[in-house]
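Engineer: Heads up: the sequence shown begins at 0 in numbering that gives the first Met the number 0, then just goes up one per residue.
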Amino acid sequence: MVLLTWIIHISAQMASALACAFSNDWFLVLNSFEILDFCFKGTPGVTGAVMWDSGVVLGKFLEHAVDSGMLVLQGKKIVELGSGCGLVGCIATLLGSEVIVTDLPDRLRLLRKNIETNMKHVSLRGSVTATELTWGEDPDPELIDPKPDFVIGSDVVYSEGAVVDLLETLMQLSGPNTTIFLAGELRNDAILEYFLEAAMDNFTIGRVEQTLWHPDYCSNRVVIYVLVKK
Ligand SMILES: C[S@@+](CC[C@H](N)C(=O)[O-])C[C@H]1O[C@@H](n2cnc3c(N)ncnc32)[C@H](O)[C@@H]1O
Numbered sequence: 000m001v002l003l004t005w006i007i008h009i010s011a012q013m014a015s016a017l018a019c020a021f022s023n024d025w026f027l028v029l030n031s032f033e034i035l036d037f038c039f040k041g042t043p044g045v046t047g048a049v050m051w052d053s054g055v056v057l058g059k060f061l062e063h064a065v066d067s068g069m070l071v072l073q074g075k076k077i078v079e080l081g082s083g084c085g086l087v088g089c090i091a092t093l094l095g096s097e098v099i100v101t102d103l104p105d106r107l108r109l110l111r112k113n114i115e116t117n118m119k120h121v122s123l124r125g126s127v128t129a130t131e132l133t134w135g136e137d138p139d140p141e142l143i144d145p146k147p148d149f150v151i152g153s154d155v156v157y158s159e160g161a162v163v164d165l166l167e168t169l170m171q172l173s174g175p176n177t178t179i180f181l182a183g184e185l186r187n188d189a190i191l192e193y194f195l196e197a198a199m200d201n202f203t204i205g206r207v208e209q210t211l212w213h214p215d216y217c218s219n220r221v222v223i224y225v226l227v228k229k
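1) Would you mind giving the Cβ-Cβ distance between Val-100 and Ser-82, rounded to the nearest angstrom? I have them listed as a contact below 8 angstroms.
2) In the DSSP assignment, what are the bridge partners of Ala-182?
3) Within 8 angstroms: the Cβ of Met-170 and any heavy atom of ligand 3?
4) Candidates Gly-68, Glu-79 and Val-98: which alpha carbon is nearest Met-118's?
5) Should the region 162-174 be called in touch with the region 122-130, which here means at least 3 C-beta pairs below 8 angstroms?
6) Mind listing, in chain order, the continuous beta strand (DSSP E) runs of no fewer than 3 residues lying wholly within the region 191-223?
7) Using C-beta distances below 8 angstroms, list every residue in its chain close to Leu-94, excluding the 5 sequence neighbours before and after it, in chain order.
8) Under the criterion of a Cβ to heavy atom distance below 8 angstroms, does Tyr-224 qualify as lining ligand 1?
9) Whole-angstrom Cβ separation of Tyr-224 and Arg-206, contact assumed at under 8 angstroms?
10) Our contact map puts Leu-185 next to Val-222 with C-beta atoms below 8 angstroms; I'd like the distance itself, whole angstroms only.
11) In this structure, what does DSSP give as the bridge partners for Glu-102?
12) Where does Leu-292 fall in DSSP's three states?
13) Can you name the residues that DSSP bridges to Val-78?
14) Work out the CA separation of Val-227 and Asp-200 for me, nearest whole Å.
15) Measuring from the CB of Thr-130, is there a heavy atom of ligand 1 at a distance below 8 angstroms?
16) Taking only heavy atoms of ligand 1 into account, decide whether any of them is closer than 8 angstroms to the Cβ of Val-155.
17) Under 7 angstroms Cβ to Cβ from Pro-147, same chain only, skipping five residues before and after it: list those, please.
18) Asn-219: buried (16+ other C-beta within 10 angstroms of its C-beta) or exposed?
19) What does the Cβ neighbour count give for Ala-189, buried or exposed, with the cut at 16 atoms within 10 Å?
20) How about Leu-80 and Val-150: do their beta carbons lie closer than 9 angstroms?
Written out as structure tokens, the structure reads:
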């Protein structure tokens, strides 16, 4: 039943992949990751209360990158921006990272509840906490001291009005050893282009080829960018 709740809110292609392709760890996560009723019944489609495709892709990319030795996340500090329901941050936790998931103040209740509900059922290799972070505002010291090894975000570039603030936050969080992974949904090329153009002033940007993604979780409607501060 919980699995169905997830599937309703992702694309059909992704849903069939989810239904058949999860490894043991993921099966555990999906079986126990409970989305609270109120967020879907009250305001379906509201950003932050729905799991977006790019989040599933990013989470599976991280898992695949760790499994294939491309990436080491064990013991790494990760800050997730605009965490929404919290799935990607929870996956990073299961992969051994010390994760801080963040979102707007009024999204934290759901985020914390999801973490509490789901992470208590699995043996954690890492840790996860949730804290408020509104882009463009000063981050809590715990977010920047020390600077995270990774900053991650899925479907956080969707509003032109938020691009400047988002970039300011990415600058504040990034140190010389910080790598940023952003998964975006190709629903509005103009906003992504605007973001990339503005980001190029301060970041070196690359695109993670689909050949490096989890083979069962690829979508032509999703892109994964990697950014490092210049
Ligand atoms: C489209 S949702 C993506 C949620 C989640 N990452 C996912 O993939 O399912 C965008 C997220 O960004 C958050 N967000 C939007 N504007 C924000 C801002 N100015 N500061 C912080 N978070 C923001 C929203 O609350 C929401 O959780």
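Where a beta carbon is used, it is the ideal one built from N, C-alpha and C, also for glycine.
Remember, it's a predicted structure, so these values are computed and weren't measured experimentally.
Structural biologist: Quick look at the numbers:
1) In the sequence shown, counting from the first residue as 1, residue 100 sits at position 101. In the sequence shown, counting from the first residue as 1, residue 82 sits at position 83. Their Cβ separation, rounded to whole angstroms, is 4 angstroms, which keeps Val-100 and Ser-82 in contact under 8 angstroms.
2) Here residue 182 refers to the residue found at position 183 of the sequence shown. Ala-182 is bridged to Ser-153 and Ile-223.
3) In the structure shown, ligand 3 is absent; the only ligands present are ligand 1.
4) Working through the sequence shown from its first residue, we reach residue 118 at position 119. Minimum Cα distance to Met-118 is reached at Val-98.
5) no
6) 202-206
7) What you label residue 94 is simply residue 95 of the sequence shown in a count that begins at 1. Excluding positions up to five away in sequence, the list reads Leu-61, Glu-62, Val-65, Leu-72, Gln-73, Arg-124 and Gly-125.
8) Residue mapping note: residue 224 aligns to position 225 of the sequence shown, counting from 1. Checking every heavy atom of ligand 1 against the Cβ of Tyr-224, none is found closer than 8 angstroms.
9) Along the sequence shown, one-based indexing puts residue 224 at 225. Along the sequence shown, one-based indexing puts residue 206 at 207. Sure, about 6 angstroms apart at Cβ, within 8 angstroms.
10) Against the sequence shown, residue 185 aligns to sequence position 186. Against the sequence shown, residue 222 aligns to sequence position 223. Contact flag correct, Cβ pair sits at about 6 angstroms.
11) Start at 1 with the first residue of the sequence shown, and residue 102 comes out as number 103. Here residue 102 turns out to be Asp, not Glu, going by the sequence shown. In DSSP, Asp-102 forms a bridge with Glu-131.
12) Residue coverage of the chain in this structure runs from 0 to 229, which leaves residue 292 outside it and unanswerable.
13) As a position in the sequence shown, residue 78 is number 79, starting the count at 1. Looking at the DSSP assignment, Val-78 forms a beta bridge with Ile-99 and Val-150.
14) On the sequence shown, position 201 is the one that residue 200 refers to. On the sequence shown, position 228 is the one that residue 227 refers to. If I take the Cα positions, the gap works out to 11 angstroms.
15) One-based indexing of the sequence shown puts residue 130 at position 131. No, the beta carbon of Thr-130 sits no closer than 8 angstroms to any heavy atom of ligand 1.
16) Your numbering for residue 155 matches position 156 in the sequence shown. Correct: Val-155 has its Cβ closer than 8 angstroms to ligand 1.
17) The count along the sequence shown starts at 1 and reaches residue 147 at position 148. For Pro-147, where only same-chain residues beyond five positions count, the Cβ hits under 7 angstroms are Lys-76, Ile-77, Val-78, Leu-172 and Thr-177.
18) For the purposes of this step, residue 219 is taken as the residue at position 220 of the sequence shown. Its Cβ having fewer than 16 others within 10 Å, Asn-219 is exposed.
19) For the purposes of this step, residue 189 is taken as the residue at position 190 of the sequence shown. Exposed, because fewer than 16 other Cβ atoms sit within 10 Å of the Cβ of Ala-189.
20) By one-based count along the sequence shown, residue 80 stands at place 81. By one-based count along the sequence shown, residue 150 stands at place 151. Their beta carbons are under 9 angstroms apart, which means Leu-80 touches Val-150 by this criterion.
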